[in-house]
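Protein chains: 2
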Amino acid sequence: MTLGALDTPALVVDLDVVRANVAAMADLARERGVALRPHAKTHKLPQVARLQLDAGAVGLTVAKLGEAEVFADAGVEDLLIAYPLVGEPKLGRLVALARRVPRLAVAVDSAEVAEGISRALEAVGGGLSVGVRIEVDTGMRRLGLAPASEQLVALARTVAALPALRLEGVMTHEGQAYQSDGEAELARAAAEACDLMVASAEAIRAAGIDCPVVSMGSTATARFAAGHPGVTEIRPGTYVFNDRSQLAHGSARDGDLAAAVVATVVSRPSPEVACVDAGAKALTSDRMIVRDAAADYGAVAPGAAGWAAVGATARAAGWPVARASEEHGLIAVPPGGELAVGERLALVPNHICPAVNLFDAVTVVAGGRVVDRWPVAARGRMT
Amino acid sequence: MTLGALDTPALVVDLDVVRANVAAMADLARERGVALRPHAKTHKLPQVARLQLDAGAVGLTVAKLGEAEVFADAGVEDLLIAYPLVGEPKLGRLVALARRVPRLAVAVDSAEVAEGISRALEAVGGGLSVGVRIEVDTGMRRLGLAPASEQLVALARTVAALPALRLEGVMTHEGQAYQSDGEAELARAAAEACDLMVASAEAIRAAGIDCPVVSMGSTATARFAAGHPGVTEIRPGTYVFNDRSQLAHGSARDGDLAAAVVATVVSRPSPEVACVDAGAKALTSDRMIVRDAAADYGAVAPGAAGWAAVGATARAAGWPVARASEEHGLIAVPPGGELAVGERLALVPNHICPAVNLFDAVTVVAGGRVVDRWPVAARGRMT
Chain A
1 MTLGALDTPA LVVDLDVVRA NVAAMADLAR ERGVALRPHA KTHKLPQVAR LQLDAGAVGL
61 TVAKLGEAEV FADAGVEDLL IAYPLVGEPK LGRLVALARR VPRLAVAVDS AEVAEGISRA
121 LEAVGGGLSV GVRIEVDTGM RRLGLAPASE QLVALARTVA ALPALRLEGV MTHEGQAYQS
181 DGEAELARAA AEACDLMVAS AEAIRAAGID CPVVSMGSTA TARFAAGHPG VTEIRPGTYV
241 FNDRSQLAHG SARDGDLAAA VVATVVSRPS PEVACVDAGA KALTSDRMIV RDAAADYGAV
301 APGAAGWAAV GATARAAGWP VARASEEHGL IAVPPGGELA VGERLALVPN HICPAVNLFD
361 AVTVVAGGRV VDRWPVAARG RMT
Chain B
1 MTLGALDTPA LVVDLDVVRA NVAAMADLAR ERGVALRPHA KTHKLPQVAR LQLDAGAVGL
61 TVAKLGEAEV FADAGVEDLL IAYPLVGEPK LGRLVALARR VPRLAVAVDS AEVAEGISRA
121 LEAVGGGLSV GVRIEVDTGM RRLGLAPASE QLVALARTVA ALPALRLEGV MTHEGQAYQS
181 DGEAELARAA AEACDLMVAS AEAIRAAGID CPVVSMGSTA TARFAAGHPG VTEIRPGTYV
241 FNDRSQLAHG SARDGDLAAA VVATVVSRPS PEVACVDAGA KALTSDRMIV RDAAADYGAV
301 APGAAGWAAV GATARAAGWP VARASEEHGL IAVPPGGELA VGERLALVPN HICPAVNLFD
361 AVTVVAGGRV VDRWPVAARG RMT
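The listed protein sequences correspond, in order, to chains A and B.
Be aware that the first sequence starts at 1, since it is given in UniProt numbering, and climbs by one per residue.
Be aware that the second sequence starts at 1, since it is given in UniProt numbering, and climbs by one per residue.
This is the structure we're talking about:
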């Protein structure tokens, strides 16, 4: 593909950086002796999943049955659906998945969800079963049971007794750590969440129930959780591409940015503003996942990465997307800043995961050249 | 389709309400003697476009070439691409569209964009041309030229002189009106924008240049703009479905809500919170388009509409989606409020247009029954 043929906005992935990010996280997990089960919602790409598995990931985490189906189709044999599955359509699809995925697990945080899943599996007979991770709320206040609580032990007992469920352990998404300010506070938040999870597993074990897995999930805390005694698994997702929030949390440096939305300047309505053809429909309206985040929509990528391969200039590095509507991104141009209609910019989203979900395909660059175009196979899987 | 077969989250469209909304806006335009050119980015559905055209719309507005291509494929013969088209891939596609769409127009706000378009059309010969609307900034500070300015008249002169362009008039998106508080302030903001546009057209006419069209665009201002002397066209989009922002601005009442995201309660982590399976990946992270908007993600639909047809309960009417992550919506449950795992809720997004863009298909209800499923044909058209 020639450069001129690439239309904007385009989601561009630098495969060299992806490979380095995948290797670095795999090395961390290997060195610290924990299993790595990346959350595939960030990339939604079988090609990237393959890189992760080849580097040593034990399997994938997904958020939706529809994502699990896409990765099962791609041959992935170990999948955790980290979401409570409710309702007949989903339970029917779970049964079909359980027949063809060698190692399949689900997350639950209530007896009724666990019982529904077990009943659906029992109904088809043949000894079909799935693994179960009980979700614990270590501070995000989203879903999950209180750490080391009576309710948690009771649910573990229920799950262990259900015929079609195998209790594997406990899991959490310690997203509250993204409210930390600075490395020390982040390390403290990660350690606190890990301690709560280890205590949760021990409470279950003290009741005479096997609970081998203690699973933590977030890119920002991965480097702390991987070394924490008693933690057995990490589930980072964003590390594969990184984004502006990860830069802010020190979990990525500029050179670790592997994805950007490449956009074209379409208007210079004033010296202070450049309008590009990527707005909230390309970047999302997500704020940075940072305490007291600024109300902007992303920023021009710092420095030159693979984006030069698709004609993006580095002259606007760091300028923020100060405002946006669906199709318009308004770049704040500093005094004296130059930028002409027709120039291309690489924009780093605040949060890469939902941005990937907006694109039907990604443009892949490697070695400074466009090398491929991948359909975002697991995009838009709502159910 | 049976009720139990509908999986969630699902975007559900009540066709009875759509028909009423389409008829009401068509009646308004007819009574006030203005052309109606709805913005199709809200629905992205050829089926809804057909209803709008059958009710008297002169054509459609779209934001992207890709959207124009979808509606051209569906037989729409009058399209305005309300966006500056920059770069060779887009200009090539514009030429192809100009060959097959009887009435095609584009928006420009600079000579370089206008000249690029004219050159591309001239290059293929045969007298191919497109209409042009010059974009004026009436206060949104997004793109567009200053109202009635020398630059505006100069660009009109440039466009009028370019061989493959036909100057049709001026257009604006008066989105700044969404910052108004209350009906009187909204009416004033609309009138001010209309006055600026009429003055802009008159400045162009005073230079001896034809400028027949004065086009205003927003649902909230449509009822004021349609009666404003000198305004010839309105381009509302959201009115067809409506959303929480339109309710807040008085441009829709509860009974005018024609689309909702139907979700299932998957967890009751505490008495104050119900977690549903629709988060920012279904509702977007858009705030309400309202001054000092609350940082929430939508609310349970007020009262019963067609959502009962897909099993949504009305018992949680009005409760806000107080927090959300990609796959989790956290409903704030008032004291004593009841809601069980497995119950379905109809959620009204703050901003329906980008929410529609997240779904591959909509479930259509009419007469209290599920009657169809429509692919969102113009979804995800990034370029």
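Note that beta-carbon positions come from the ideal geometry of N, C-alpha and C, so glycine has one too.
Within 8 Å of any Cβ in chain B, is that where the Cβ of Y83(A) sits?
yes
Mark L335(A) as exposed unless 16 or more other C-beta atoms lie within 10 angstroms of its C-beta, in which case mark it buried.
What sits at residue 335(A) in the sequence shown is Pro, not Leu. The Cβ neighbour count for P335(A), taken over all protein chains shown within 10 Å, is under 16; the residue is labelled exposed.
Going straight from the alpha carbon of A79(B) to that of V101(B), what length do you get?
With the sequence shown as reference, residue 79(B) is identified as Leu, and Ala is not the correct amino acid for it. Going by the C-alpha atoms only, they are around 8 Å apart.
Quick check: is the beta carbon of R369(B) nearer than 8 Å to any beta carbon in chain A?
Closer than 8 Å: no.
Contact defined as beta carbons within less than 8 Å: I believe A96(A) pairs with A148(A). What is the distance between those atoms, to the nearest angstrom?
About 36 Å separates the two Cβ atoms, so there is no contact after all.
Taking A123(B) as the reference, which of A146(B), G298(B) and P163(B) has the closest Cα?
P163(B)
Taking 8 Å as the cut-off, decide whether the C-beta atoms of R37(B) and G59(B) are in contact.
yes
How about the stretch 295-315 of chain A and the stretch 34-48 of chain A: do they share at least three Cβ pairs that are nearer than 8 Å?
Because the criterion of three Cβ pairs below 8 Å is not met, the stretch 295-315 of chain A and the stretch 34-48 of chain A do not touch.
Determine the extent of the beta strand (DSSP E) in which residue 393(B) is found, giving its start and end residues.
Missing from the structure shown is residue 393(B); chain B here goes from 1 to 383 and no further.
Work out the CA separation of A252(A) and A21(A) for me, nearest whole Å.
Per the sequence shown, residue 21(A) should be read as Asn rather than Ala. Their Cα atoms are separated by approximately 9 Å.
Buried versus exposed, by CB contacts within 10 Å (16 or more), A156(A)
By the beta-carbon neighbour count (other beta carbons within 10 angstroms, threshold 16), A156(A) is buried.
Simplified DSSP assignment, three categories, for C211(B):
coil
Taking the straight line between their C-alpha atoms, what separation do you get for V136(B) and L152(B)?
Taking the straight line from one Cα to the other gives about 8 Å.
Chain A within 8 Å of V290(B), Cβ atoms only:
no
What whole-angstrom Cβ distance do G318(A) and V300(A) have, given they're in contact under 8 Å?
6 Å
Cβ separation of T61(B) and R235(B), assumed to be a contact under 8 Å, to the nearest whole Å
The beta carbons of T61(B) and R235(B) sit about 5 Å from each other, so the pair counts as a contact at 8 Å.
Expressed to the nearest angstrom, what Euclidean distance is found between the alpha-carbon atoms of A366(A) and D14(A)?
6 Å
By the criterion of Cβ-Cβ separation under 9 Å, what are the contact partners of A282(A) in chain B?
M382
Option nearest D181(B) by Cα separation, candidates S245(B), T238(B), A63(B) and T158(B)
Among S245(B), T238(B), A63(B) and T158(B), the Cα nearest to that of D181(B) is on S245(B).
Paired residues, beta bridge with C275(B) - DSSP
S267(B) and L330(B)
Compile a chain-ordered list of the residues in the stretch 37-59 of chain B whose CB is closer than 8 Å to at least one CB of chain A.
K41
D54(A) burial status per 10 Å Cβ neighbour count (16 or more: buried):
exposed
Can you list the residues of chain A that S110(B) reaches, using a CB-CB cut of under 7 Å?
Those are S267 and V341, listed as they occur along chain A.
Check whether the stretch 211-228 of chain A touches the stretch 254-269 of chain A, taking contact to mean three or more Cβ pairs, one atom from each stretch, closer than 8 Å.
no
Compare the C-beta of D243(B) against all C-beta atoms of chain A and say whether one is closer than 8 Å.
no
Which of the three DSSP states is assigned to P38(A) in this structure?
coil
If you measure beta-carbon to beta-carbon, which residues of the stretch 164-184 of chain B are closer than 9 Å to chain A?
So the close ones are H173 and G175.
Sub-8 Å separation of P46(A) and F71(A) beta-carbons:
In contact: P46(A) and F71(A) (Cβ atoms closer than 8 Å).
Would you please verify whether the beta carbon of F71(A) is less than 8 Å from any beta carbon of chain B?
Interface with chain B (8 Å Cβ-Cβ cutoff): F71(A) is excluded.
Determine, using beta-carbon pairs with one atom in the stretch 206-219 of chain B and one in the stretch 278-286 of chain B, whether at least three such pairs fall under 8 Å.
The stretch 206-219 of chain B is not in contact with the stretch 278-286 of chain B.
Counting only C-beta atoms, is I126(B) closer than 8 Å to chain A at any point?
Before going on, a small fix: residue 126(B) reads as Gly here, not Ile. Judged by the 8 Å Cβ criterion, G126(B) is not in contact with chain A.
Cβ of L121(A) within 8 Å of any chain B Cβ
no
On the CB-based measure, 16 or more other CB atoms within 10 Å of its CB, does S285(B) come out buried or exposed?
buried
Please classify S325(A) as buried or exposed, where buried requires at least 16 other C-beta atoms within 10 Å of its C-beta.
buried
Span of the alpha helix (DSSP H) holding A29(A)?
L15 to R32
CB contact check: L97(B) to chain A, cutoff 8 Å
no
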